[in-house]
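Novice: Sharing a structure, written as structure tokens. Questions coming.
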Ligand SMILES: *Cc1c(COP(=O)(O)O)cnc(C)c1O
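Residue numbers (the numbering used here): 22 to 384.
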């Protein structure tokens, strides 16, 4: 391949080219030390300064209020599926979950291990205009749940809940693994926001948890210490050795995002990228998207071919044209274009050109 392909992988996903070049340049000589950022102590002053700057950049980007702690955790997105119930609900608690898709389902099943009652308040519904999420008025919320959990961007299904649920005083918890930093967000509406890093932030295995102060100090007694929000908050996310390389690389991505104009600018770009794809898919009889227009993800755009016997050929020819990672999740089939922050408009345009040509040849 003469030039780099456009990588539409759902995760681990592409990182900004500029960041990768910088990381490569610094790989064996970080901060003029003559050694790699991976080979120094996390207690080293230079590392601590870098770690603090990364946190501050994230705080700036998301306008995180002072009464929230930013934790750099282990175990990716799914690590938080158990961390949340263990940290902010007692074993006798009832917790509310909205079932928006596959990741919600995994989160629910994990929570069932740690609390007495997981109440599923609502789920997706199939409508004549496509798959949607049941309306808030219909949700069967419990009277005093320890928290309300939802996934605003279901990565596999391409379903998004664009309005933040109004759950009153109940702490709202969101799995933002695939949409964190994708557009402006009012963090003050949430009790906990968490995200595995490998979609919009950095390397996999790393996770960010943004936790409101008043939810600390509630962990169940048998919570694993490295997953304990209170311990990690007290120790600056360095109770044990953090993933130093992931922290560093995430910090470079935060700096890059600031240079792009922050979440306002990237959000406009993300909506423009997604709209272009959906508009083309909607006017075509050859491609379709199964999601109701009001519930479509701006990060993950699934699409089906009218004749799924052409799927293999589509993927093969796309790859030959430098468009990789387009295969849909194994649970749902079809195609999926993941267009996270790092995907430039040029990648979307190249995909659209290919889709038009393929339709012309086969449609
Ligand atoms: C990818 C993803 C996860 C799982 O992340 P891991 O780091 O693999 O555990 C969880 N939730 C959502 C919404 C995701 O997109």
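Each residue gets a CB set at the ideal place from its N, CA and C atoms; glycine is no exception.
#1: Is residue 196 near ligand 1, judged by its Cβ being under 7 Å from some heavy atom?
#2: Could you compute how far the alpha carbon of residue 147 sits from the alpha carbon of residue 316?
#3: Give a single yes or no on whether residue 219 has its beta carbon closer than 7 Å to a heavy atom of ligand 1.
#4: Ignoring anything shorter than 4 residues, give me the alpha helix (DSSP H) runs that lie fully in the region 28-60, in order along the chain.
#5: Under the criterion of a Cβ to heavy atom distance below 7 Å, does residue 21 qualify as lining ligand 1?
#6: Under the criterion of a Cβ to heavy atom distance below 7 Å, does residue 99 qualify as lining ligand 1?
#7: Please classify residue 258: is it buried, with 16 or more other beta-carbons within 10 angstroms of its beta-carbon, or exposed?
#8: Starting from residue 215, trace the alpha helix (DSSP H) both ways and give me its first and last residue.
#9: Determine the extent of the beta strand (DSSP E) in which residue 307 is found, giving its start and end residues.
#10: Please report how far the alpha carbon of residue 37 lies from the alpha carbon of residue 101, in whole angstroms.
#11: Tell me, please, whether the region 71-89 touches the region 159-172 by the rule of three or more beta-carbon pairs shorter than 8 Å.
#12: Among the candidates 376, 263, 282, whose CA atom is the shortest distance from the CA of residue 69?
#13: Closest by CA to residue 99, which one among 76, 206, 196, 344?
#14: Under DSSP, the beta strand (DSSP E) around residue 359 begins and ends at which residues?
#15: Going by C-alpha to C-alpha distance, which of 384, 353, 342 sits closest to residue 370?
#16: Does the distance between the C-beta of residue 124 and the nearest non-hydrogen atom of ligand 1 fall short of 7 Å?
#17: Excluding the 5 residues flanking residue 138 on each side, which residues of the same chain have their C-beta closer than 8 Å to its C-beta?
#18: Let me make sure I understand the geometry here. Which of 272, 349, 286 has the alpha-carbon closest to that of residue 44?
#19: Considering just the uninterrupted stretch of the beta strand (DSSP E) at residue 119, what are its terminal residues?
#20: Going by alpha carbons, who is nearest to residue 216 out of 64, 382, 231?
#21: Do residue 335 and residue 379 have their C-beta atoms within less than 8 Å of each other?
#22: Given a cut-off of 8 Å on the beta-carbon distance, is the pair residue 181 and residue 319 in contact?
#23: In terms of DSSP beta bridges, what is residue 246 paired with?
#24: Which residues in the same chain as residue 129 place their Cβ atom closer than 7 Å to its Cβ, once the five residues preceding and following it in sequence are excluded?
#25: So, helix, strand or coil for residue 138, using DSSP?
#26: Got a sec? Which residues, its chain only, sit under 6 Å from residue 22 by beta carbon, not counting five neighbours each side?
#27: If I follow the unbroken alpha helix (DSSP H) through residue 81, where does it start and stop?
Specialist: To lay it out plainly:
#1: For ligand 1, at least one heavy atom lies less than 7 Å from the Cβ of residue 196.
#2: If you take the alpha carbons of residue 147 and residue 316, they lie about 12 Å apart.
#3: For ligand 1, at least one heavy atom lies less than 7 Å from the Cβ of residue 219.
#4: Runs of the alpha helix (DSSP H) lying entirely within the region 28-60 and spanning at least 4 residues, in chain order: 38-47.
#5: It is not possible to answer for residue 21, since the shown part of the chain is limited to 22 through 384.
#6: In terms of side-chain proximity, the C-beta atom of residue 99 is found nearer than 7 Å to a non-hydrogen atom of ligand 1.
#7: Buried, by the Cβ-count rule.
#8: Per DSSP, residue 215 belongs to no alpha helix (DSSP H); it is in the beta strand (DSSP E), 213-217.
#9: Segment: none, residue 307 is in no beta strand (DSSP E) and carries neither H nor E.
#10: C-alpha separation (whole angstroms): 26 Å.
#11: The region 71-89 is not in contact with the region 159-172.
#12: It is 263.
#13: That would be 196, whose Cα lies nearest to the Cα of residue 99.
#14: Unbroken beta strand (DSSP E) run through residue 359: 356-359.
#15: The shortest CA-to-CA distance from residue 370 to any of 384, 353, 342 is the one to 342.
#16: Yes; taking the cut-off as 7 Å, the Cβ of residue 124 has a heavy atom of ligand 1 nearer than that.
#17: Cβ neighbours of residue 138 within its own chain (closer than 8 Å, five residues either side excluded): 114, 115, 116, 163.
#18: Distances from the alpha-carbon of residue 44 to those of 272, 349, 286 put 272 closest.
#19: Looking at the DSSP string, the run of the beta strand (DSSP E) that includes residue 119 is 115-120.
#20: Nearest in C-alpha terms to residue 216, of all of 64, 382, 231, is 231.
#21: For residue 335 and residue 379, yes; Cβs fall inside 8 Å.
#22: Their beta carbons are under 8 Å apart, which means residue 181 touches residue 319 by this criterion.
#23: None; residue 246 has no bridge partner.
#24: Closer than 7 Å at Cβ, skipping near neighbours: 118, 120, 139, 141.
#25: Three-state result, residue 138: strand.
#26: Bear in mind that the predicted position of residue 22 carries a pLDDT of just 46, short of 50, making it too unreliable to give a figure here.
#27: Under the DSSP assignment, residue 81 falls in the alpha helix (DSSP H) whose first and last residues are 66-83.
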